[in-house]
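Encoded as structure tokens, the structure appears first; notes follow it.
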Amino acid sequence: MRRIGKDEVSVMNVQITITGTQTLDGASETTRLSATGRMERDGDAWVLTYAESAESGMDGVTTQIRAGRDRAEIRRSGALNSRLLLEEGGRHLCRYDTGYGFLQLGVHTHRVENRLEEGSGQLRLHYTLELEGGAAARQELLLEVARPEGAPDKD
Numbered sequence: 028m029r030r031i032g033k034d035e036v037s038v039m040n041v042q043i044t045i046t047g048t049q050t051l052d053g054a055s056e057t058t059r060l061s062a063t064g065r066m067e068r069d070g071d072a073w074v075l076t077y078a079e080s081a082e083s084g085m086d087g088v089t090t091q092i093r094a095g096r097d098r099a100e101i102r103r104s105g106a107l108n109s110r111l112l113l114e115e116g117g118r119h120l121c122r123y124d125t126g127y128g129f130l131q132l133g134v135h136t137h138r139v140e141n142r143l144e145e146g147s148g149q150l151r152l153h154y155t156l157e158l159e160g161g162a163a164a165r166q167e168l169l170l171e172v173a174r175p176e177g178a179p180d181k182d
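In terms of the numbering used here, the sequence shown has 46 at position 19, counting the first letter as 1, and numbering is strictly consecutive.
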């Protein structure tokens, strides 16, 4: 725990398992990765931060996910920069850095299921990505958070 002004902010080390399923033209592909990261409370939202690995294809990138009751924001910074805003029932345009240039993506969020609590829980995001008005891919992203046994808190 650390104190900011009058408020205590809980910051803890967590293990994050990320399972992503993409469906395009009826064919689905699922990937599963694991990362050690940090979890903290920020107002009404939980914030998860972790470093991407070479296995994810985004080595040198830090991902931060801010999850509220019915919305989530995924920010990536470092070697690639992007921001996806996922608001249940909403559609947003986002810029996505491919490493070779930027793409404009339409993001239509179907559902945000936030079951995160201090040091554990799940965040499930269901959304469709539209590539510059063209192809659409349905996405399901599941983040499972667990506190490693005996892990020290970060300040």
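C-beta: ideal position from N, C-alpha, C; glycine also. Keep in mind it's a predicted model, so treat the numbers as computed, not measured.
Helix, strand or coil at residue i according to DSSP, with G and I counted as helix
i: residue 114; result: strand
i: residue 144; result: strand
i: residue 125; result: coil
i: residue 56; result: strand
i: residue 61; result: strand
Residue i versus residue j: straight-line alpha-carbon distance, rounded
i: residue 165; j: residue 52; result: 9 Å
i: residue 148; j: residue 39; result: 14 Å
i: residue 175; j: residue 90; result: 20 Å
i: residue 49; j: residue 163; result: 10 Å
i: residue 150; j: residue 129; result: 27 Å
i: residue 113; j: residue 63; result: 23 Å
i: residue 131; j: residue 117; result: 16 Å
i: residue 72; j: residue 47; result: 22 Å
i: residue 78; j: residue 61; result: 10 Å
i: residue 158; j: residue 145; result: 36 Å
i: residue 65; j: residue 161; result: 36 Å
i: residue 45; j: residue 171; result: 7 Å
i: residue 103; j: residue 55; result: 24 Å
i: residue 169; j: residue 125; result: 22 Å
Residues that residue i bridges to, as DSSP identifies them
i: residue 165; result: 50, 155
i: residue 171; result: 44, 149
i: residue 135; result: 118, 155
In chain order, each beta strand (DSSP E) run of at least 3 residues that lies wholly inside the segment 65-122:
72-78, 88-94, 98-105, 109-114
Does the structure place the segment 88-98 close enough to the segment 137-150 that three or more beta carbon pairs sit under 8 Å?
yes
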